[in-house]
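A short worksheet on the structure shown next.
Residue numbers (mature numbering (1 follows the signal peptide of the UniProt record, and there is no 0)): -19 to -1, 1 to 179.
See below:
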């Protein structure tokens, strides 16, 4: 929880600094946030901080295209219920520190459709014994989300992700765990647009 507040304070301070140095003319300030030609943004999947994890991402936008690099650690967040079809009630699945890259396109205003590749390491825990083993998985898939701007700098970006992965399994003393080959998950990111050019 302390990490969450530290990140929030840093984001607020960063936005204040850039607001003081903003030299956009009056005409550009009336343009929508989706009209930028270029922009740098930082953001976070804030719910990860509530489970003693973290998430940070930095993105660059060029007209409608956007590329983003991220790192995630889910802390105590159990991702197993997000699994489709073969999710298991006997196991928990936690995000360990993992990087990812996202490529998106704004299809309408701030509505972004994107694809991604995340190189996840999951800690799989058997509930009955507490035994944990790691599984590495290259997850790919797609998502859709919308940037709701609060002023010119801050935004909230809710969306949904579909994660796809190959078949992976792990043996727990004769009991086999199969990782779900698909996850469906809502996401909520908070961000700051650090710089933009119209």
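Backbone N, C-alpha and C fix where the C-beta goes; we use that ideal spot for every residue, glycine too.
This one's a predicted model, so the numbers in the text were calculated from it and none came from an experiment.
**Prompt:** In whole angstroms, what is the alpha-carbon distance linking residue 176 and residue 72?
**Reply:** Residue 176 sits at position 195 when you count from the first residue of the chain shown. Residue 72 sits at position 91 when you count from the first residue of the chain shown. Each residue's Cα considered, the two are about 44 Å apart.
**Prompt:** So what does DSSP say about residue 91, is it helix, strand or coil?
**Reply:** Locating residue 91 in the chain shown gives position 110, counting from the first residue. In the displayed model, residue 91 falls within coil according to three-state DSSP, outside both helix and strand.
**Request:** For the beta strand (DSSP E) containing residue 145, list its first residue and its last residue.
**Result:** Here the question's residue 145 lines up with position 164 in the chain shown. Per DSSP, the continuous beta strand (DSSP E) segment holding residue 145 begins and ends at 135 to 145.
**Closest residue to residue 116 among 61, 102, 70, 173 (Cα-Cα distance)** = Locating residue 116 in the chain shown gives position 135, counting from the first residue. Nearest neighbour of residue 116 by Cα position, chosen from 61, 102, 70, 173, turns out to be 102.
**Prompt:** Out of curiosity, what's the CA-to-CA distance linking residue 41 and residue 129?
**Reply:** Stepping through the chain shown from its first residue, residue 41 is reached at position 60. Stepping through the chain shown from its first residue, residue 129 is reached at position 148. Their backbone Cα atoms lie some 17 Å apart in a straight line.
**Asked** If we count the other Cβ atoms within 10 Å of its Cβ and call it buried at 16 or more, is residue 4 buried or exposed?
**Response** Here residue 4 refers to the residue found at position 23 of the chain shown. Confidence at residue 4 is low in this model, with a pLDDT of 43, below 50, so its placement is unreliable and no value can be given for it.
**Request:** Report the partner residues of residue 22 according to the DSSP bridge assignment.
**Result:** Numbered from 1 along the chain shown, position 41 holds the residue referred to as residue 22. DSSP, once it has assigned bridges, lists 40, 174 as partnering residue 22.
**Prompt:** How about residue 23 and residue 48: do their beta carbons lie closer than 8 Å?
**Reply:** Here residue 23 is taken as the residue at index 42 of the chain shown, counted from 1. Here residue 48 is taken as the residue at index 67 of the chain shown, counted from 1. For residue 23 and residue 48, no; Cβs fall outside 8 Å.
**Message:** Can you tell me whether residue 165 is buried or exposed? The criterion is at least 16 other CB atoms within 10 Å of its CB, across all chains shown.
**Reply:** Stepping through the chain shown from its first residue, residue 165 is reached at position 184. Residue burial annotation: residue 165 is exposed, with fewer than 16 other C-beta atoms found within 10 angstroms of its C-beta.
**Item:** Cβ distance (whole Å) where residue 51 is taken to contact residue 81 below 8 Å
**Value:** Position 70 of the chain shown, counted from the start, is the residue given in the question as residue 51. Position 100 of the chain shown, counted from the start, is the residue given in the question as residue 81. Rounded, the Cβ-Cβ distance is 5 Å, consistent with contact.
**Buried or exposed by the 16-neighbour rule on C-beta atoms within 10 Å, applied to residue 136** = The sequence position of residue 136 within the chain shown is 155, counting from 1. Of the other Cβ atoms in all chains shown, 16 or more fall within 10 Å of the Cβ of residue 136; this residue is therefore buried.
**Asked** Just how far apart, CA to CA, sit residue 68 and residue 59?
**Response** Translated into the one-based positions of the chain shown, residue 68 becomes position 87. Translated into the one-based positions of the chain shown, residue 59 becomes position 78. Each residue's CA atom was taken as its position, placing residue 68 and residue 59 some 11 Å apart.
**Request:** Decide if residue 62 is buried, meaning its Cβ has at least 16 other Cβ atoms within 10 Å, or exposed.
**Result:** Translated into positions along the chain shown, residue 62 becomes position 81. Counting every other CB atom within 10 Å of its CB across the protein chains shown gives residue 62 a total below 16, marking it as exposed.
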